[in-house]
Amino acid sequence: MRNFGGVLLFSGFFIAVAGALGAAENNRPRSFEPMDVFKLEWADQPVFSPDESEIVFARKSVDVQSDKVRSALWRYRLKDGALRPLLVKGDPQRPVFSPDGKSLAYMSAGQLMLRWQDTSVSVKIADQKVRSGAIRSR
Numbered sequence: 156m157r158n159f160g161g162v163l164l165f166s167g168f169f170i171a172v173a174g175a176l177g178a179a180e181n182n183r184p185r186s187f188e189p190m191d192v193f194k195l196e197w198a199d200q201p202v203f204s205p206d207e208s209e210i211v212f213a214r215k216s217v218d219v220q221s222d223k224v225r226s227a228l229w230r231y232r233l234k235d236g237a238l239r240p241l242l243v244k245g246d247p248q249r250p251v252f253s254p255d256g257k258s259l260a261y262m263s264a265g266q267l268m269l270r271w272q273d274t275s276v277s278v279k280i281a282d283q284k285v286r287s288g289a290i291r292s293r
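Under the working numbering, think of the first position of the sequence shown as 156, with each following residue one higher.
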């Protein structure tokens, strides 16, 4: 059985960020302003490692300069609650663990990539653009 307590814990972190937007400096509630959308971040596409010890997810936000959604892959370790970035360049998203958990496939700028967990080395495994739904877990 998967431990969804960890999912709720790190999801609560992102909800707390959104809640902080609702309070002005004098602790009085204020309206949500159009520019506030650029302060929001959210977790998307969470996947458990095969041994269910960690969750990798896409941490998303909207870039104020380009008005586009940005993505970075983050790791949340269930044992101690450690949260850290894995991949931040190239708009990585749609993580999928290998069955043995030694590597992580993901999409980055329309390319299919593979990252080895022990060395943190990533390589492109598809040299041409692939559909975003081309990789998925079993």
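By construction, the Cβ of each residue, glycine as well, lies at the ideal position given by its N, Cα and C atoms.
About 5 Å separates the CB atoms of E209 and R232; that is less than 8 Å, so the two are in contact.
Residue nearest to L259 within the set V192, E188, F212, K223 is F212 (criterion: CA-CA distance). The beta carbon of D273 lies closer than 8 Å to those of K257 in the same chain, with the five residues before and after it left out. CA-to-CA, the gap between P247 and A227 works out to about 5 Å. Comparing C-alpha distances from P254 to each of Q220, L238, P205, N182 shows the shortest one belongs to P205. As DSSP reads the structure, M268 sits in a beta bridge with Y261, K279. Distance between L242 and Y261, taken at the CA atoms: about 10 Å.
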